[in-house]
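Visitor: For the sequence shown, numbering that gives the first Met the number 0 puts the final residue at 481, and the numbers step up evenly by one. By construction, the Cβ of each residue, glycine as well, lies at the ideal position given by its N, Cα and C atoms.
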Amino acid sequence: MSKREYIGRIIVTLSLLMVTACTVGPDYIRPTPVAVMPATFRELAGWKEAHPRDGVPGEKWWEIYRDPLLNTLEEQVTVSNLTVAAAEAQFRQARAAGQGAKAGYFPTVSVGASASRSQRSGNLGAVPGAGATTSDFLLPLDLTWEIDLWGKIRRSVEAGGAQAQASAADLAAVTLSSQAELAGDYFLLRTLDAQKRLLDDTAEVYRKSLELTNNRYAAGVAARSDILLAESQLKSAMAQALDTGVQRAGLEHAIGLLTGKAAADFSLPAMPLPLVTSPPSIPVGLPSELLERRPDIAGGERRMAAANAQIGVATAAWYPTVKLSASAGLEASGISRWLNWPSRLWAVGPGVSETLFDGGARRAQNEQLRAAYDGTVANYRQTVLSGFKEVEDNLAALRILAEEARVQNEAVIAAEQSVTIISNQYKAGTVGYLNVIVLQASELSSERAAMDILGRRMTASVLLVKALGGGWVLREPRPEGR
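Structure below.
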């Protein structure tokens, strides 16, 4: 048989093997996320949008708050946040691993060169060349190609691609979490600025009350105890104003960290949140849409696909491995003849190997991967249920806090009117200063409570956007554009 006929038969045989190749292991079918998919969110029954809008918040979801400073800070998260940078590096690692799996489709080709000089033993008797010294110069080119008959490589590529998509979703989830945390901290900081301004204004009112009390004491119509009460009230308001600085500093440092800045190099100007502010309307949609809008849910689904593909990789280990090996090169006993045409050599042929006994290692590996797949299914379903819960929680929070804000604002109005009436009575000498102190303290408490509720409403709206997945869409990011 000639060399050409031999190689031709090998090619025909390999072609037939490729045609009859199959992919072992279970094909991926997306499991149901929950036993019964709810038709709508329960809390939507009490959810009233002031200005309904179609669709969901865009990719830059924070722009719905119409705050230029917040927009600037949020843009820095994707550029400078180190937690996001670490997640982006993990995504690139997963993507590279997926691309590396595709290398199995192609043969491995290697080349090398070697030179050696050796002497055979002289005690070999009548063996030809006994005691001779020889030289060997070798320049080989080797090719090895594993034929993917059972889909092992295809399943590996499938798993790698799914892992890369899961890592892309993880990056989106980390980014969304950091952005939401920044927005929440930002609104809490602005709420503290509003409380600081309220306390400063209140201290100024208390200072005027102290002056009035001093004048009344000088005129002999007020007791010394009224002056002490007025001074105590003033100092207490001043102390509360100073105390807001502690919380504000912590929030300011947290925002600096989220934007990749050192605490010493980052500051935000005071910008009180107006009491008339209200959260923007946020379209919620259906529970089924949440499966496509939340990156953590999409990441869990992709991990199920990757785990399912790994079962196929393990299943392929039960079948024979077929490899094609080929080598060619030049070999001679002298360097002067090394690169001559007569020094050529070649070899080609397939090889088949099968593991007959491994002590149950393949079975254990298969069972391990099936258990891992079951774990990813459970985690996926838990993530879906957690997503539903977070949406319901924040819908309830916004609904209840809106009603609480309405009632609290009425309480503020009533407290303001009470203070006005009691102050006039005190000036007329019909009540003592203690009555004024009590009502003024009640007014301040009501106003601070109203501001606290506003801050909680803004934070709940941010958490609702996060629970809905922000403006994320299912696609791989482009880290090279960072």
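Under the assumption that L197 contacts E415 (Cβ atoms under 8 Å), give the Cβ distance between them as a whole number of angstroms.
Guide: Actually they do not touch by this definition, with Cβ atoms about 12 Å apart.
Visitor: Ordered along the chain, which non-local residues of its own chain (more than five positions away) have a Cβ less than 6 Å from that of G159?
Guide: A96, G97 and A100
Visitor: Taking the C-alpha atoms as reference points, what is the distance between G150 and P25?
Guide: 11 Å
Visitor: With A261 as the anchor, note down where its beta strand (DSSP E) starts and where it stops.
Guide: Taken as a continuous stretch (DSSP letters only), A261 belongs to no beta strand (DSSP E), as it is neither H nor E.
Visitor: For K483, which residues does DSSP report across the bridge?
Guide: Lying outside 0 to 481, the shown extent of the chain, residue 483 is not represented and no answer is given.
Visitor: Determine the burial state of I334: buried for a count of at least 16 other Cβ atoms within 10 Å of its Cβ, exposed for fewer.
Guide: If you draw a 10 Å sphere on the C-beta of I334, you find fewer than 16 other C-beta atoms in it, and that means exposed.
Visitor: According to DSSP, simplified to helix, strand and coil, what is T201?
Guide: helix
Visitor: How far does the alpha helix (DSSP H) with T375 in it extend, from its first residue to its last?
Guide: A360 to K426
Visitor: For F90, I'd like the list of residues in its chain whose CB is within less than 6 Å of its CB, leaving aside the five on either flank, ordered along the chain.
Guide: S166, A167 and L170
Visitor: Run the CB neighbour count on E48, radius 10 Å, all protein chains shown included, and call it buried at 16 or more, exposed below.
Guide: At E48, the pLDDT of 44 sits below 50, so the modelled position is not reliable; the number obtained from the coordinates is stated separately. The residue is exposed, with fewer than 16 neighbouring Cβ atoms inside 10 Å.
Visitor: Less than 8 Å between C-beta atoms, sequence neighbours within five positions excluded: which residues of the same chain meet that for E391?
Guide: F40, R41 and E42
Visitor: Alpha carbon to alpha carbon, how far is G350 from L467? Give it in angstroms, no decimals.
Guide: Each residue's Cα considered, the two are about 55 Å apart.
Visitor: Could you say which of A395, N378 and P319 lies nearest to L148 if we only look at CA atoms?
Guide: P319
Visitor: Within the same chain, show all residues whose beta-carbon is closer than 7 Å to that of Q194, passing over the 5 residues directly before and after it, in chain order.
Guide: T243, R447 and M450
Visitor: Compare the beta carbon distance of A305 and A172 with 9 Å and say whether it is the shorter of the two.
Guide: no
Visitor: Helix, strand or coil, according to DSSP, for A167 in the structure here?
Guide: A167 falls in the helix class under three-state DSSP.
Visitor: Can you list, in chain order, the residues of its chain with a C-beta nearer than 6 Å to that of A221? Leave out the 5 residues immediately preceding and following it.
Guide: T212 and R215
Visitor: How long is the line joining the alpha carbons of L256 and S177, rounded to whole angstroms?
Guide: 10 Å
Visitor: In the DSSP assignment, find the beta strand (DSSP E) that holds A114 and state where it starts and stops.
Guide: S113 to Q118
Visitor: Figure out for me which residue from L323, E300, G386 and S287 has the closest Cα to the Cα of A38.
Guide: S287
Visitor: Answer with yes or no whether the minimum CB distance from A221 to chain C is below 9 Å.
Guide: Of the protein chains in this structure there is only one, and it is not chain C.
Visitor: Relative to the C-alpha of V204, which residue among L329, Q232, I226 and L227 is closest?
Guide: For V204, the nearest C-alpha among the options comes from Q232.
Visitor: Going by DSSP, what residue range makes up the beta strand (DSSP E) through S109?
Guide: T107 to V110
Visitor: Are the Cβ atoms of A112 and L142 separated by less than 9 Å?
Guide: Going by C-beta atoms, A112 is not nearer than 9 Å to L142.
Visitor: Helix, strand or coil, according to DSSP, for F40 in the structure here?
Guide: coil
Visitor: Apart from the five residues just before and just after L81, which ones in its own chain have a Cβ nearer than 8 Å to its Cβ?
Guide: G259
Visitor: Could you give the DSSP three-state label for G121: helix, strand or coil?
Guide: coil
Visitor: Would you say S134 and S332 are within 9 Å of each other, going by their C-beta atoms?
Guide: yes
Visitor: Using a Cβ-Cβ cutoff of less than 6 Å, which residues in the same chain neighbour F265 once the five nearest sequence positions on both sides are dropped?
Guide: G255
Visitor: Less than 8 Å between the CB atoms is what I'm expecting for L285 and N393, so what's the real figure, rounded?
Guide: About 16 Å; that fails the 8 Å criterion.
Visitor: Cutting at 6 Å between CB atoms, please list the residues of its own chain near D295, excluding the five before and the five after it.
Guide: A172 and T382
Visitor: Let me know the secondary structure DSSP gives T82 once reduced to three states.
Guide: Residue state, collapsed to three classes: helix.
Visitor: Judging by CA-CA distance, which residue of A308, N408 and V435 is the nearest neighbour of R153?
Guide: A308
Visitor: Give the straight-line distance between the Cα atoms of I507 and A44, rounded to the nearest whole angstrom.
Guide: Given that the chain is displayed from residue 0 to residue 481, the structure contains no residue 507 and the question cannot be resolved.
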